[in-house]
Structure formats: C-alpha cells, structure tokens
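Asker:
2 protein chains.
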Amino acid sequence: MVTTMAKRTAITPTRAENYPEWYQEVVKAADMAEHSQVRGCMVIKPWGYGIWERIQYELDRKFKETGHQNAYFPIFIPLSFLEKEAEHVEGFAKECAVVTHHRLEKGKDGKLVPGGKLEEPLVVRPTSEMIIGDTFSRWVSSYRDLPLLINQWANVVRWEMRTRLFLRTTEFLWQEGHTVHATSEEAMEEAKKMLGVYVAFCEDYLAMPVIPGRKTKDERFPGAVETFTFEAMMQDKKALQAGTSHFLGQNFSKSCDIKFQTKEGSLEYGWTTSWGATTRLIGGMIMAHSDDDGLVLPPRIAHKHIVIIPIIHDESLRCDVLAFAEKLKADLQKELFHEMPIQVVLDDRDMRAGEKSWSWVKKGMPIRIEIGAREMNEGKVTMMRRDKGPKEKEFFVAEDFVQKASEILQNIQDKIYKKAKNFLKENTHELNDEKEFYDFFSKKDGESGFASVFYNEEAGVHEKIQKELGVTARCIPNDGKESEGKCIFSGKPSKKRVIFAKAY
Amino acid sequence: MVTTMAKRTAITPTRAENYPEWYQEVVKAADMAEHSQVRGCMVIKPWGYGIWERIQYELDRKFKETGHQNAYFPIFIPLSFLEKEAEHVEGFAKECAVVTHHRLEKGKDGKLVPGGKLEEPLVVRPTSEMIIGDTFSRWVSSYRDLPLLINQWANVVRWEMRTRLFLRTTEFLWQEGHTVHATSEEAMEEAKKMLGVYVAFCEDYLAMPVIPGRKTKDERFPGAVETFTFEAMMQDKKALQAGTSHFLGQNFSKSCDIKFQTKEGSLEYGWTTSWGATTRLIGGMIMAHSDDDGLVLPPRIAHKHIVIIPIIHDESLRCDVLAFAEKLKADLQKELFHEMPIQVVLDDRDMRAGEKSWSWVKKGMPIRIEIGAREMNEGKVTMMRRDKGPKEKEFFVAEDFVQKASEILQNIQDKIYKKAKNFLKENTHELNDEKEFYDFFSKKDGESGFASVFYNEEAGVHEKIQKELGVTARCIPNDGKESEGKCIFSGKPSKKRVIFAKAY
Chain A
1 MVTTMAKRTA
11 ITPTRAENYP
21 EWYQEVVKAA
31 DMAEHSQVRG
41 CMVIKPWGYG
51 IWERIQYELD
61 RKFKETGHQN
71 AYFPIFIPLS
81 FLEKEAEHVE
91 GFAKECAVVT
101 HHRLEKGKDG
111 KLVPGGKLEE
121 PLVVRPTSEM
131 IIGDTFSRWV
141 SSYRDLPLLI
151 NQWANVVRWE
161 MRTRLFLRTT
171 EFLWQEGHTV
181 HATSEEAMEE
191 AKKMLGVYVA
201 FCEDYLAMPV
211 IPGRKTKDER
221 FPGAVETFTF
231 EAMMQDKKAL
241 QAGTSHFLGQ
251 NFSKSCDIKF
261 QTKEGSLEYG
271 WTTSWGATTR
281 LIGGMIMAHS
291 DDDGLVLPPR
301 IAHKHIVIIP
311 IIHDESLRCD
321 VLAFAEKLKA
331 DLQKELFHEM
341 PIQVVLDDRD
351 MRAGEKSWSW
361 VKKGMPIRIE
371 IGAREMNEGK
381 VTMMRRDKGP
391 KEKEFFVAED
401 FVQKASEILQ
411 NIQDKIYKKA
421 KNFLKENTHE
431 LNDEKEFYDF
441 FSKKDGESGF
451 ASVFYNEEAG
461 VHEKIQKELG
471 VTARCIPNDG
481 KESEGKCIFS
491 GKPSKKRVIF
501 AKAY
Chain B
1001 MVTTMAKRTA
1011 ITPTRAENYP
1021 EWYQEVVKAA
1031 DMAEHSQVRG
1041 CMVIKPWGYG
1051 IWERIQYELD
1061 RKFKETGHQN
1071 AYFPIFIPLS
1081 FLEKEAEHVE
1091 GFAKECAVVT
1101 HHRLEKGKDG
1111 KLVPGGKLEE
1121 PLVVRPTSEM
1131 IIGDTFSRWV
1141 SSYRDLPLLI
1151 NQWANVVRWE
1161 MRTRLFLRTT
1171 EFLWQEGHTV
1181 HATSEEAMEE
1191 AKKMLGVYVA
1201 FCEDYLAMPV
1211 IPGRKTKDER
1221 FPGAVETFTF
1231 EAMMQDKKAL
1241 QAGTSHFLGQ
1251 NFSKSCDIKF
1261 QTKEGSLEYG
1271 WTTSWGATTR
1281 LIGGMIMAHS
1291 DDDGLVLPPR
1301 IAHKHIVIIP
1311 IIHDESLRCD
1321 VLAFAEKLKA
1331 DLQKELFHEM
1341 PIQVVLDDRD
1351 MRAGEKSWSW
1361 VKKGMPIRIE
1371 IGAREMNEGK
1381 VTMMRRDKGP
1391 KEKEFFVAED
1401 FVQKASEILQ
1411 NIQDKIYKKA
1421 KNFLKENTHE
1431 LNDEKEFYDF
1441 FSKKDGESGF
1451 ASVFYNEEAG
1461 VHEKIQKELG
1471 VTARCIPNDG
1481 KESEGKCIFS
1491 GKPSKKRVIF
1501 AKAY
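Those protein sequences? They're chains A and B, same order as listed. Under the working numbering, read the first sequence as residues 1 to 504, first letter to last. Under the working numbering, read the second sequence as residues 1001 to 1504, first letter to last.
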C-alpha cells in the first residue's frame, strides 16, 4: 500500500498556494517585523533590524570609499520649499504627512487637541531634495566647493494606503545621497557610479541578481532628468525596484538656487544627483530566496552565521556537552568570513531540540550545528545547511568544521545567488509582438515573468498597458544590445528593448 | 618701549568676553553644524556628524556587550497612546509636533494646503515610551520573555522656543533604551548599570568628568519613579545634564498593559526602564574642552586623529614632498589607537600653509604634522598638539613619530581629561547656609560653579530657588557620604547633600 503524504512545511500557506500570504508568514515566523498600531508603520524587530545594520555597514563603507561623507538634515520641510519644484511636489503631494500644530492643549471637553497652529505647515520628509538643496545653496559658492558628496541615513514618510512589511510602509528607513557637480558629465558619471555600487552590493551581499538600467520617462523620479534603477525578480516572477539613482540635471539647483563661480569667473548652476536604497531591500531579499520552510539568509548579509544546538538526553552530561559547545563557539568566532569574525549563537534555551532547530530554519540561519553526547565523545559535529533540505545532515570532525566554516558559508552564498540568477534568466523572455505580450501577461499570477520588447515610448501606450494588464516598464537595461527593431505597440522603429513586468 | 598686545585668538569673542557667543563661533569655525531654515532644527555637517558616528559606534558596542538588541519603532504616536500616562503627557504636551493631515491639496486660491484630515492626530515622537510600551505589551507574556532588552537609534522632536546648536534643538538624534524585567530589583539594577555605561563613556571617550547621581523628585522624567543622571561642568561653570537613565517602576507597564505570567503562574505587571543619550553630548564635549582657538577634540572620540600638511616653497620638490607625506600617512594608518587604525588626513588643498594649519586648529584636530623640504631631507616631522599652544612645535624622526603616535594621542586624551577633572573639582563647593548659597549664585556668569548643600526637598523650596537665582538641583551624587546635616533652606534634618547649579 502506498500513501501519498503532502510534505509538511514550516510555513503555511506555501509559495504555490498563496505567495503574498506566504511572504507575510515568513516575516512573522522569522520574527523580523510586524505591523504597529500606527497606520502603515511597521516595527522592525531585532532579527530584521540586524539585517538592516549589516546593509548600513556595507553600503556606508562603499559610500565612504567613493568619497562621500555623512551629514544630517531636518526631518521637516516647509511647504513653500516643496512647491519650488513643480513636478517634484506634484509627485509627492498625495502622500505627505503634514505637521500643522506645535503643542497639545485642553479642548472644550477637557480632552487634548492640537494647539499652537504653525504659520506654515511642515511636511515630514518624503525625500530630502528640497531641504538639502536649500542647505547646499549656502554651502556651494565656488568650483572649489565641488564636487559636494553627501549622504544621509534617515527615516522618511510617504503616506501609503496599502502597506506591506518592508516592501511598502508609511514610514521607512533609507539612505539618500545628494551630490553637486561642476559639469553635467561629472554628475551623470556619479549617478551611474552609485548605481554600480548598489548593483554590486545586491549581487555580492544580498545574492540578488538584478537588471540595471534606466527608467522610461513615465517612470522617472519626479523632477529627474534620468533615473537609473536596478530591478530584481521575486519568486512569483514579479519585479522589485531595489533602489534608484537620479541624474537631476540643473532642475533642482535652479529651484534651490545652487550656484557656483567657475574657474573662469562666470556664475553657473550646479549639476545634482540623488540616490537611495531602503529597508525594502530586506523585503526583496526575503522574497527572492526564502522557501516553504521560511527565511533563507545569504551568509554575507546575515548578522549571525551559525547556531550551535546542544542536544542533551542525559542530564548528567549537560555540563560537558555545553563546555564542548562553548569551546566550538569560541573557536569558530576566531575564524573570519570576508574579514569579519564569524558570528555564532549558542542556543541553550530550555526547549525541545526539534522545535529549537525548526525555529532557526524559519529564521534563515545559514548553518545549524547539533552537538549531543555522541558528537562530544567523538569530537565531531552534525551540520545542516539552510540551502539544503532541513533534515539533510553532514558530519565533520569538529576541528575540520572550524577550518572549513568560512568556505561553507561562501558556498551557501554562491548557491543562493546562482539559483536566483538562473531563475531570473529562465523567466526573462524576448517577445516580438503585441499579442504575444498580452498573452504572456494574461497568465495566472506567478506564471509570467519579465518580457523584453522593442518599445519606443509613444504617448499613451504605457498608461494603456498598465491599466489593462497591471504591467509597467521596469527598465531599459544597460546591457541592451543596440539593434534595430519595431516597437511592438506602435509599429514604429525602435532601437531599444525594454523590460516590462508586474511589479511590487 | 613696551607695547602690550592682546594675544590674537582664532575665535572671537573669547570665552571670557562672551561665552555663549564663543560657543556658537566654535561650532561654526569647526564646521560642525548650522541652523537650518526650519525653525529650531539644525543641520549636522560632516565634521560634526563624524563625531556622532563615533559616539554611536562606541555606545552601540557597549549596549550590545550588555545584552541589548536594536530595533525600530514608528516615529508617530497616536494622541490616545500619549494620554494613557497622565504625568508623561503633561510633561510633553507643550512641545509636541502634531501631524493632522496626510496629503497636500489645492486650496481655493490654487495654493497647496493640508488635506485628508486624520481621524486621530499623530504626535511626532518626543520619546517612545508609549509606542514601544504598546508593542512590548504584545511581546511579553511569560517570564521566559524577560528580561526584554531593546535599544533604538532615532530622531525625536520636542518643540523648543529657544534653541542652541547641539544643546537644545527641536529635532535631535539620540538612542533610547527600553527594557522590561520580572522584578523591581532587576529593573533598578538595569537603570543603574546603564548609568554606569554612560558615565564610563563620557569619562573615557569624551574626556568629560561627570557627577553621577539621581534627580530630586522635582527634576524627574515625567512618569519615572527614579531618574539617574550624570552632570558635567562646562567652562562657564554651568552644569550640563549629559543623559539620563530612568527606573519607571510599573507606571508604564500599567498604562501600556505589559503583563507576564510568573514561574508560579500568577499574572504580574513588568518593571520597566528607559535611558537615553543625545547629540547634546557633542555640545557638552565642545563646551567642556574647547579654547579661544576653537574646538579641542579628545582623540578617542575624534574620527580623524592626525593631519599632515605638506609645505611646499619650491614647486620642483612638490612631488617628492607629497610622496614623503603619502608614505607617512600609510605608515601611520597601519598603527592602532585603542585597537582601531589611526585616521590620517593628508591636506593637499591649494591654500597658504598658515591658513591651512589654523583651519585644523579650529577643527580640533588632535595632532598636526608639517612636512617641508627640510623635514623630507632629514626624514623628520614637525608636530603640533592641539592641547598645547598653537605654535608649540616638537620634532621627531619620522619612524619614531609613527611608533609613538598612539602614545601621544593617549597622552593628549589624558591631559584633556585631567584638566576638566581639576576644573570640576576646583569649582564644586560645599556650602553650609542659605546666605552663602545666595551669595554664591549671585555672582556674575562664569563665577559661581557647583554648590553641594544639605537639602531635604521641602515643597516650594526648589521653585523659589529656581525663580530667584535661576539655579536648579542637578543631582544627589552617588558618592555622597551619608552624613547628618540640616537642610540649608528649611533647617530640618537632612541626610544628603545635593548639587545645585545653573544649567544648560
């Protein structure tokens, strides 16, 4: 007799059953974040915040290596500042948190109400071009002050109606770079350079392959001349814009009056850029790699690499097993993974070993080590890797494992990346006419992917596609081979293929 | 003939001439921060923000070593949450920025006005007890969840009418620790432990001696059972509260409903603490150490330790001198100061050497090195220390200087600390009656200091002193010898001496 049993998974529903709900459950099971009682705002819990700290550390290092300095600017932007750049304010007006009062006072019924009305409302920054631009107008006066290369780590607020942990929240954390240059070429080079920094970070640390490119004009940042983007593919084959870098031309320097005296003595407007990446990167990483047992954490972005789980059946051996585990932990922590000490957790909670092990599977811990009396006596360890089946075990002499730990972590990293890379490749298709395009995107959720098509940005086309299919132009890839074709929508000549997809 | 010349200083006015204005000028000359166009909010410039990054790095490390984890909570607090704790809301109501709308829309005259009125106003966090408490009420259910040890790095907003860079601004940066414990004793121990962390940090890194103790009841944090504080003395002999740690008893766990099941099965309210330190620390450090030539930066908190200034009189030697300077920089950066690489700037700006040197004096750079053709030929360096006169030079064989750099930096650190320590000691006086107290605090600004007096917190006394002298009870020192005395105001028996002072 044969019984077919559904494989039990730690996360319900599975990706195949309900992808959006699976995502929420992964975040919850890994204890990364939760919705707060404040509409649209999340609480980032320690396991999630630790990943943000890793992202901050690595990006910050790269920003400093490329000559940028950190600074901090006010969270509030006077309404009149926002209005200086018409497209910009238009882009953000619908999602601004507005401060109108500066105290609380007793109302008629004795309850507290807003008091002390401000002469001018203040907007909680949705992005800081206008307040930083105003400041830069005083910092820049000569070509000697350029380039001005500044970055800020901050919280921003964009009032969102439908929110999703990490991916879209009213308040989120980010960094925003803001730079001023003496020439258009230099500013363009900066915007591209920072795109490169982001792309390398995504691929090397988050193990998330991306397609770098630029946005079509409908999808540019409000006020930008050119927006560079890098798009990742989630496991439901939708796109996720992981960050952007903008060449702002002289638009913002004109609205903010950022002028400098050239070497030759003339007065010119500066050329500016801005670029940002947010806590959304965490959401993208979760959706790109995790499986039906929970989070899969690429070792290079993990804040903890290895958990040691002592298995104690015989209480009289507790002290010895724990001592063996402690020594292993100490030895491992002396080893380096990419020049940083390997981070080890010894989990001696009072809990069943199976339950304990599953809790770390769900948290995405790259390596689990089990140590019982037998391992101790034989000087061995039992190892499980998060990129393999949850019950697939490997055995090592303890000293050997310590020696190999860093290599194994890198191997996990490589495998996670390769898997995502293949997935992106397999699900990106060159399509050649409008019907094929419509058929492609009329498939069920999770069955389409990225479509690469000739497109010449004819007016009205993008709006129509977006309305009818829920699909948007994601980017004009940097590596797009320049070839002659015809726009699949207008039939007119087009020189570029553009990636379209449903997106987060 | 003798001409008396006033010694020229880099900062005008001097401390003696006008202390508050001197402070503003030091901040400006060091390029640390400036007022923004947003009322009460400052811009922290790279030289100032670098110090905040050092503070963050060192405190964060200490918090993690003591078992705390970082997390992030919403910036907005619903009005109804604040109201749950009567004393707390009373304490902050007058200085709250209130968000009342969630978009901008066109008004009658076509201008943008706040739109989308919120059902419930949101307060921009002045501190996060209520929003974190609400979250903790869901995180804590059993004694197994305790202690819960969380820290947050964030911006907060307290609407201030009179602001001063770093010392008092509407928006400031800080960290706030929030913990829950199973017993009163444990929570009290935590509050004291974190006071200890702050005190050690202030003394060891900021070179700022402080008097740790607890606040009298009039000066406690709104809602706290006990507030621990550490008070530093500025060069005008006024006090600066550098940070606080609060034992909150069960006040906040009751308002926020943080309950847990004990080992024995009963349901109890948790015992909570909170503790915070802010960008104000930077203001305190500036006022404690700087002189009439500008900022004096203790090396352990400096983000740059040494500047190398090449002096080039003969253009044909430029390349050789710069190569010598580059090599020195590389050698120095291989050396460690407190386990971290020494940070070196090579200043090759096109500027007169004298002007260049003064710019670093004003920025507080601990060590300046000058290298000219002679130094290069002899393999030597000319060194100036920021804790000595600006023209006091010392000469070293280059290799010797590299070897000794770390030791010299520590020596500068020690001297700055010792000077401040003596100043605090010399200006703290035990006074024994009310008249002496009034005479002491009726002196001109900058001539009084700290007064240590017997005081029994009789109702009305503190208010009277504050009104008549502008003096407040700063703290009941931890090391106060328990002795019998009489309150100098009420004449009634008192067991404790209390420090009074004018304060920032």
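For glycine and all other residues, C-beta sits at the position ideal for the given N, C-alpha and C. Just so you know, these numbers come straight off a predicted model, no measurement behind them.
1) Starting from the N-terminal side, write out each stretch of the alpha helix (DSSP H) that is 4 residues or longer and does not extend beyond the region 1087-1169 of chain B.
2) Taking only beta-carbon positions, decide if Ser1142(B) is within less than 8 Å of chain A.
3) When DSSP builds the beta bridges, which residues end up paired with Asp347(A)?
4) Is Glu160(A) near Glu95(A), with beta carbons less than 8 Å apart?
5) Within a Cβ cutoff of 8 Å, which residues of the same chain sit near Gly485(A), ignoring the five residues on either side of it in sequence?
6) Mind checking the region 210-241 of chain A against chain C and listing, in chain order, the residues whose C-beta falls within less than 9 Å of any C-beta there?
7) Using 8 Å as the cut-off, can you tell me whether the region 1212-1230 of chain B makes contact with the region 1185-1199 of chain B, which would need three or more C-beta pairs spanning the two stretches below that distance?
8) Please report whether the beta-carbon of Arg1507(B) lies at a distance below 8 Å from any beta-carbon of chain A.
9) Between Gln1152(B) and Phe1073(B), how many whole angstroms is the CB-CB distance? I'm expecting something under 8 Å.
10) Considering only heavy atoms of the ligand HEM, does any lie closer than 7 Å to the CB of Ala232(A)?
11) Pop quiz: Met1285(B) and Ile1301(B) are said to be a contact at Cβ under 8 Å. What is the actual Cβ separation, rounded to whole angstroms?
12) What runs of the alpha helix (DSSP H), each 4 residues or longer, lie entirely inside the region 1327-1411 of chain B?
13) Report buried or exposed for Met340(A), applying the criterion of at least 16 other Cβ atoms within 10 angstroms of its Cβ.
14) Can you tell which of Gln1241(B), Ala1398(B) and Arg1125(B) has its C-alpha closest to the C-alpha of Ile1371(B)?
15) Just how far apart, CA to CA, sit Phe247(A) and Leu82(A)?
16) State yes or no: is the beta carbon of Val1098(B) nearer than 8 Å to at least one beta carbon in chain A?
17) What does Leu1173(B) touch in chain A if you count any residue whose Cβ is under 9 Å from its own?
18) Closer than 6 Å by C-beta to Met1001(B): which residues in its own chain qualify, once you throw out the five before and the five after it? Chain order, please.
19) Thinking just about the alpha-carbon of each residue, which of Tyr19(A), Thr12(A) and Lys467(A) is nearest to the one in Lys237(A)?
20) When the Cβ atoms of the region 302-322 of chain A are set against those of the region 359-379 of chain A, are three or more pairs found closer than 8 Å?
21) Select from Pro1114(B), Glu1119(B) and Met1130(B) the residue whose C-alpha is nearest the C-alpha of His1088(B).
22) Give the interface partners of Tyr455(A) over in chain B, defined as CB-CB distance under 8 Å, in chain order.
23) Give me the Cβ distance between Trp360(A) and Arg368(A), rounded to the nearest whole Å; I'm assuming they're in contact under 8 Å.
24) Taking 8 Å as the threshold (beta carbon to beta carbon), is Asp1400(B) in contact with chain A?
25) Report the three-state DSSP secondary structure of Cys41(A) (helix, strand or coil).
26) Using three-state DSSP, classify Ile499(A) as helix, strand or coil.
27) In the DSSP assignment, what are the bridge partners of Ser1452(B)?
28) Need the endpoints of the beta strand (DSSP E) that Lys1254(B) sits in, please.
29) Taking Cys487(A) as the reference, give the member of Lys467(A), His462(A) and Asp479(A) with the closest Cα.
30) Nearest chain B C-beta to Ala93(A) closer than 8 Å, yes or no?
31) Answer yes or no: do Gly270(A) and Val180(A) have a C-beta to C-beta separation smaller than 8 Å?
32) Measure the alpha-carbon distance for Val1156(B) versus Ala1207(B) and round it to whole angstroms.
33) Identify the residues that DSSP records as bridge partners of Arg214(A): which are they?
34) Determine which residues of the region 1031-1056 of chain B have a Cβ less than 7 Å from any Cβ of chain A, and write them out in chain order.
35) Given this structure, state the Cα-to-Cα distance separating Met194(A) from Arg474(A), to the nearest angstrom.
36) Report buried or exposed for Thr1127(B), applying the criterion of at least 16 other Cβ atoms within 10 angstroms of its Cβ.
Answerer: Judging by the given coordinates:
1) 1129-1139
2) Counting from 1 along the second sequence, the entry for residue 1142(B) is found at position 142. No, its Cβ sits nowhere closer than 8 Å to a Cβ of chain A.
3) Taking the first residue of the first sequence as position 1, residue 347(A) is located at position 347. None, per the DSSP bridge assignment.
4) As a position in the first sequence, residue 160(A) is number 160, starting the count at 1. As a position in the first sequence, residue 95(A) is number 95, starting the count at 1. Cβ atoms of Glu160(A) and Glu95(A): closer than 8 Å.
5) By one-based count along the first sequence, residue 485(A) stands at place 485. If we look at Gly485(A) and ignore the five residues flanking it on each side, its Cβ neighbours are Phe454, Pro493, Ser494, Lys495 and Arg497.
6) The displayed structure is made up of protein chains A and B, and chain C is not among them.
7) yes
8) Outside the displayed range of chain B (1001 to 1504) lies residue 1507(B), so it cannot be described from this structure.
9) To locate residue 1152(B), count along the second sequence from 1; it is residue 152. To locate residue 1073(B), count along the second sequence from 1; it is residue 73. Confirmed, about 6 Å.
10) The ligand HEM is absent from the structure shown, which contains no ligand whatsoever.
11) Sequence index remark: in the second sequence, residue 1285(B) carries index 285 (1-based). Sequence index remark: in the second sequence, residue 1301(B) carries index 301 (1-based). About 7 Å separates the two Cβ atoms, so the contact holds.
12) 1353-1362 and 1373-1378
13) Numbered from 1 along the first sequence, position 340 holds the residue referred to as residue 340(A). Under this definition Met340(A) is an exposed residue.
14) Walking along the second sequence from the start, residue 1371(B) turns up at place 371. Ranking Gln1241(B), Ala1398(B) and Arg1125(B) by Cα distance to Ile1371(B) puts Ala1398(B) first.
15) The residue labelled residue 247(A) in the question sits at position 247 within the first sequence. The residue labelled residue 82(A) in the question sits at position 82 within the first sequence. Those two C-alpha atoms are separated by around 19 Å.
16) Residue mapping note: residue 1098(B) aligns to position 98 of the second sequence, counting from 1. Answer yes: the Cβ-Cβ gap between Val1098(B) and chain A drops below 8 Å somewhere.
17) Working through the second sequence from its first residue, we reach residue 1173(B) at position 173. By Cβ distance, chain A contributes Tyr72.
18) Along the second sequence, one-based indexing puts residue 1001(B) at 1. Residue placement at Met1001(B) cannot be trusted, given a pLDDT of 46 that sits under 50; what the coordinates show is reported in the next sentence. Excluding positions up to five away in sequence, the list is empty.
19) The count along the first sequence starts at 1 and reaches residue 237(A) at position 237. Of Tyr19(A), Thr12(A) and Lys467(A), the residue nearest in Cα terms is Tyr19(A).
20) yes
21) The residue given as residue 1088(B) occupies position 88 in the second sequence. Minimum Cα distance to His1088(B) is reached at Met1130(B).
22) Within the first sequence, numbered from 1, the residue matching residue 455(A) stands at position 455. None at all; the shortest Cβ gap to chain B is about 33 Å.
23) Position 360 of the first sequence, counted from the first residue, corresponds to residue 360(A). Position 368 of the first sequence, counted from the first residue, corresponds to residue 368(A). With 8 Å as the limit, Trp360(A) and Arg368(A) qualify as a contact, their Cβ atoms being about 5 Å apart.
24) Here the question's residue 1400(B) lines up with position 400 in the second sequence. No, Asp1400(B) lies away from the interface with chain A (no Cβ there is under 8 Å from its Cβ).
25) Position 41 of the first sequence, counted from the first residue, corresponds to residue 41(A). Reduced to three states, the DSSP call for Cys41(A) is coil.
26) Here residue 499(A) refers to the residue found at position 499 when the first sequence is read from its first residue. Strand, per DSSP.
27) Taking the second sequence and counting its residues from 1, one reaches residue 1452(B) at position 452. DSSP lists Glu1430(B) and Ile1499(B) as partners of Ser1452(B).
28) Working through the second sequence from its first residue, we reach residue 1254(B) at position 254. Premise fails: Lys1254(B) lies in the alpha helix (DSSP H), Asn1251 to Cys1256, not in any beta strand (DSSP E).
29) As a first step, residue 487(A) must be located in the first sequence, where it is residue number 487. It is His462(A).
30) If you number the first sequence from 1, residue 93(A) lands on position 93. Interface residue, yes.
31) In the first sequence, counting from the first residue as 1, residue 270(A) sits at position 270. In the first sequence, counting from the first residue as 1, residue 180(A) sits at position 180. Yes.
32) Against the second sequence, residue 1156(B) aligns to sequence position 156. Against the second sequence, residue 1207(B) aligns to sequence position 207. Rounded to whole angstroms, Val1156(B) to Ala1207(B) spans 26 Å at the Cα level.
33) Stepping through the first sequence from its first residue, residue 214(A) is reached at position 214. Partner(s): Phe228(A) and Ile476(A).
34) Ser1036, Gln1037, Val1038, Cys1041, Val1043, Ile1044, Lys1045, Pro1046, Tyr1049 and Glu1053
35) Locating residue 194(A) in the first sequence gives position 194, where the first residue counts as 1. Locating residue 474(A) in the first sequence gives position 474, where the first residue counts as 1. Between Met194(A) and Arg474(A), the C-alpha separation is close to 19 Å.
36) For the purposes of this step, residue 1127(B) is taken as residue 127 along the second sequence, with counting starting at 1. Buried.
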